[in-house]
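Reviewing the structure listed below.
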Amino acid sequence: MAEEVQGQAAEAPATSGVSESQIAVHWREEDYIQPPASFVSQANANDPAILERFSEDKFPECFKEYADLLSWDQTWHTTLDTSNAPFYKWFVGGRLNASYNCVDRHAAANPDKTAIVFVSEIESDEHVHISYGELLRQVNEFAALLRDFCGLKTGDRVTLHMPMVPELPVVMLACARLGVIHSEVFGGFSGAAAGSRISDSGSRVLITMDGYYRAGKMGDHKVKADEALEMAAKEGQEVDKVLVWRRRPGEYQSKTPMVEGRDFFIDELLPRYAGQTVEPVSMPAEAPLFLMYTSGTTGRPKGCQHSTGGYLSYVAGTSKYYLDIHPDDMYWCMADIGWITGHSYIVYGPLALGTTTVIYEGVPNYPDGGRPWRIAEQLRVNIFHTSPTAIRMLRKVGPEEPRKYNYHFKSMTTVGEPIEPEVWRWYFTEVGKGGAAITDTWWQTENGGFLGATLPGLQPMKPGSCGPSVLGIQAVLYDEEGNEIPKGSGKAGNICIRNPWPGIFQTIWGDPERFLSTYFRKYNKNPDSKDWRDWPYFTNDGAVIAADAYIRILGRVDDVINVAGHRLGTKEIESAALTVPEVAEAAAVPVVDDVRGRVVEMYVSLKPGFEASDEVAAKVSQTIDTTIGKIARPKNVWIVADMPKTRSGKIMRRVIASVSNFTEVGDVSTLANPEIVEQVREQVQTAKRERGQEQRELTETEQHEIKSFGES
Ligand code: PRX
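If you want it as structure tokens, here you go:
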């Protein structure tokens with residue numbers, strides 16, 4: 058397959074003077090890079106026959122190969138039931154338990170094997186190795202506590218608001234053991250955010266922790282539980298019990314008092330359940346396993362409901378073939394379990410395959426930019442998984458740090474955003490030392506697992522493209538009217554998935570209408586159809602598909618800046634800016650312009666050792682001009698000390714877009730660095746006033762666009 062793809066002509070780069078959508082694809086198509094031979098020879102998928110097994114005519118039965126990675130109590134009779142399309146059911150009639158699949162069966166075969174290694178942010182703390190046998194004990198005891206102390210039973214929902222600690226997968230797996238639906242809220246989210254998720258899911262129990270380390274400081278996390286309960290109560294949801302883990306058992310890190318009869322220290326309760334075992338409940342394949350909330354274009358968070366059998370099969374299969382996990386690997390995904398990536402590719406996928414998964418508590422650059430590489434060296438990590446943002450950050454703080462450490466990655470993954478070819482190359486040469494395959498994985502909270510990626514042992518890498526759609530997934534580009542845009546045309550469109558797959562979410566919790574309207578109505582021509590072919594899934598991402606079927610994601614369709622009627626992907630502009638040697642980070646935002654509709658403004662931060670100057674700003678502008686075209690030339694290039702970022706490290710484009718447009722920046726309290734906002738506002742708006750660029754008052758729709766810009 059590698060040769061086959063290699064042999065095809067790459068699409069010609071789009072040129073100026075063409076159609077509007079072509080303007081959006083100036084991110085030049087890069088050349089192929091072959092994976093190292095040492096990787097290919099040991100890869101789980103290195104025989105092209107696998108592509109045949111998952112070809113379109115084998116759908117949906119091809120996914121049996123993924124389901125067969127699991128142990129089923131009862132085999133399914135129907136692989137895919139579309140009778141209520143697009144509310145699909147996978148592996149109908151099958152029964153299994155996710156906790157059994159991730160723990161018991163490995164504990165029986167290999168009790169002393171390490172399941173989880175926990176790395177505290179405090180570097181002098183010892184790593185904690187939890188064997189499969191030990192994990193089984195902990196999961197059983199916690200399941201007994203949930204059942205007997207909390208009275209929880211199959212189908213109940215429980216909200217978790219926990220940081221990156223090994224207790225989190227223990228809780229998730231204990232819920233799964235009972236068929237209780239867990240809903241973990243990212244630890245960095247506010248109490249109010251947790252509260253609205255508690256009420257939406259109807260949870261009567263909240264599981265939290267007193268505190269955890271972040272950039273060297275122990276933060277008070279328990280305080281958020283009180284805020285969460287207040288918010289939940291406001292929305293009509295009462296919570297009976299708050300279970301509190303202590304980051305250091307016996308020591309309480311929070312200043313918030315425990316509420317008598319409501320709040321309980323878990324380390325005080327657990328001894329009551331010592332040695333107890335709880336039979337895993339045999340669940341129907343289509344029973345919900347968990348909810349994962351994600352934000353949409355409107356305010357209310359959406360609880361994506363994931364299934365037991367389909368989801369677990371899909372994450373096991375994709376972990377095996379795309380992450381290339383073998384049972385003896387040391388696998389480290391530096392995402393947070395509070396996001397879908399962590400659920401699928403820290404907890405469920407790797408543990409279903411019986412490998413060792415590393416959980417790191419803190420920020421990647423604490424105490425310095427060499428920390429991840431030290432961890433990799435100490436633990437002999439051989440598969441590393443992270444986001445472009447983390448890569449950019451690590452490159453900024455320590456471009457040569459990886460060279461100092463003696464580790465060897467066989468494969469590396471990225472997820473979450475398009476990765477600029479420039480950043481990709483640093484990841485490949487410096488982090489991977491040229492010896493690892495890179496898999497750029499494109500997917501979404503709604504999807505359960507990967508949608509687009511290269512099979513690392515069979516398909517060459519192409520920086521900036523995630524690769525073709527993954528095994529069993531049929532990707533297609535549509536224009537606004539539903540006409541298919543042929544691959545290789547150089548035109549951008551809305552990327553959709555033609556067929557269902559086992560990892561797809563089942564619905565939005567409590568809001569099936571929103572499930573239909575957000576993802577399926579746009580391209581459905583017959584609402585009564587029971588044929589999956591009539592229900593393309595609309596990802597809400599813009600993309601181009603090259604002649605070789607490689608996909609380049611341009612970002613959410615709402616991340617597009619429409620300049621004089623021309624759609625420009627923010628990522629391409631940012632990628633261009635990043636080729637300027639002084640630039641460390643770049644963000645493009647729209648500014649309302651009375652002549653051209655929108656124009657682009659650029660925000661950049663510089664690598665250490667470089668000073669802000671008019672020359673650097675001019676260079677950025679010039680580079681965008683020459684790489685993309687005058688259409689994308691920024692109105693201003695602001696060189697800022699730092700970008701406002703979320704705690705997971707994403708640049709908050711809506712905040713800087715609001716600054717550029719003189720609109721309210723909104724709530725910035727959940728940012729990692731809220732203090733930078735005022736500094737940037739002062740710098741940018743003073744300069745704009747001096748340049749006579751004050752903004753007129755925006756219309757309501759303009760305000761909406763700016764305030765939600767970059768929010769997906
Ligand atoms: O725009 C795509 C972008 O992230 C969105 C999904 O975000 P979320 O639901 O938070 O899930 C992130 C982790 C799976 C997508 O709609 N995205 C995700 N991965 C990539 C990406 N964009 C480009 N390349 C990727 N590899």
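Heads up: the sequence shown begins at 58 in this note's numbering, then just goes up one per residue. Ideal Cβ placement from N, Cα and C applies to all residues, glycine included.
Query raised in the report: What are the boundary residues of the beta strand (DSSP E) that includes A494?
Result: 494 to 498
Query raised in the report: Who does H218 pair with in a DSSP beta bridge?
Result: T265
Report task. Grab me the residues of P345's own chain with a C-beta within less than 6 Å of its C-beta, minus the 5 sequence neighbours each way, in chain order. Result -> I238, Q362
Report task. Specify the secondary structure class of R655 as computed by DSSP and reduced to three states. Result -> strand
Query raised in the report: So, helix, strand or coil for V420, using DSSP?
Result: coil
Query raised in the report: Is DSSP giving H400 helix, strand or coil here?
Result: helix
Query raised in the report: Apart from the five residues on each side of it in sequence, which residues of its chain come closer than 7 Å, Cβ to Cβ, to A644?
Result: E631, Y660, M700, I708, R710, I713
Report task. Please state whether DSSP places S78 in a helix, a strand or coil. Result -> Note that S78 has pLDDT 38, beneath the 50 cutoff, so the model's placement of it is unreliable and the number below is only indicative. Residue state, collapsed to three classes: helix.
Query - At least 3 beta-carbon pairs within less than 8 Å: the region 306 to 313 vs the region 175 to 184 - result: no
Query raised in the report: According to the Cβ coordinates, are W499 and I610 closer than 8 Å?
Result: yes
Query raised in the report: Looking at C-alpha atoms only, which residue of S253, A172, E343, G236 is the closest neighbour of H383?
Result: A172
Query raised in the report: Should I602 be counted as a contact of the ligand PRX given a C-beta to heavy atom distance under 7 Å?
Result: no
Query - Helix, strand or coil at E642 [DSSP, three-state] - result: strand
Report task. For Q501, verify whether its CB is less than 7 Å away from any heavy atom of the ligand PRX. Result -> yes
Requested in this report: Give the single residue among S177, D169, A201 whose Cα lies nearest to the Cα of E191.
Outcome: D169
Query - Rounded separation between A201 and L326 - CA only - result: 11 Å
Query raised in the report: Which of the three DSSP states, helix, strand or coil, is assigned to P593?
Result: coil
Query raised in the report: So what's H239 in DSSP terms, helix, strand or just coil?
Result: strand
Query raised in the report: Near Q195, which residues of its chain fall below 7 Å by C-beta distance, leaving aside the five closest residues on each side in sequence?
Result: V227
Query raised in the report: By Cβ distance below 7 Å, which residues in the same chain neighbour A66 in space, the five residues on each side in sequence not counted?
Result: With a pLDDT of only 26 at A66, under the threshold of 50, the placement of this residue in the model should not be trusted; the figure read from the coordinates follows. Closer than 7 Å at the Cβ level, and outside the excluded window around A66, lie A604.
Query raised in the report: Would you report the Cα separation of Y157 and L408, rounded to the nearest angstrom?
Result: 10 Å
Requested in this report: Give the secondary structure of F199 by DSSP, where H, G and I count as helix, E and B as strand, and everything else as coil.
Outcome: helix
Query raised in the report: Can you tell me the Cα-Cα spacing of K279 and W396, whole angstroms?
Result: 20 Å
Report task. Could you tell me if the beta carbon of E20 falls within a distance shorter than 7 Å of some heavy atom in the ligand PRX? Result -> The chain is shown only over 58 to 769; residue 20 falls outside these bounds and no answer can be derived.
Query raised in the report: Looking at N556 and the ligand PRX, is the gap between the Cβ and the nearest heavy atom below 7 Å?
Result: no
Report task. Could you check if P665 is buried or exposed, using at least 16 other CB atoms within 10 Å of its CB as the buried criterion? Result -> exposed
Query raised in the report: Where does the unbroken alpha helix (DSSP H) through I448 begin, and where does it stop?
Result: 445 to 454
Query - Buried or exposed (CB count within 10 angstroms, at least 16 for buried), D320 - result: buried
Report task. Report whether the distance from the Cβ of I432 to the nearest heavy atom of the ligand PRX is below 7 Å. Result -> no
Query raised in the report: Does the separation of the CB atoms of P559 and W129 fall below 8 Å?
Result: no
Query raised in the report: What three-state label does DSSP hand E541 in the structure shown?
Result: strand
Query raised in the report: Would you report the Cα separation of S574 and F562, rounded to the nearest angstrom?
Result: 14 Å
Requested in this report: Name the one or two DSSP bridge partners that A172 has.
Outcome: In the DSSP output, where bridge partners are listed per residue, A172 has none listed.
Query - 8 Å contact criterion, which A494 and F96 should meet: CB distance rounded - result: 5 Å
Requested in this report: Could you tell me the distance, in whole angstroms, from the CA atom of G367 to the CA atom of A342?
Outcome: 7 Å
Query raised in the report: By how many angstroms is the C-alpha of T564 removed from the C-alpha of Y189?
Result: 33 Å
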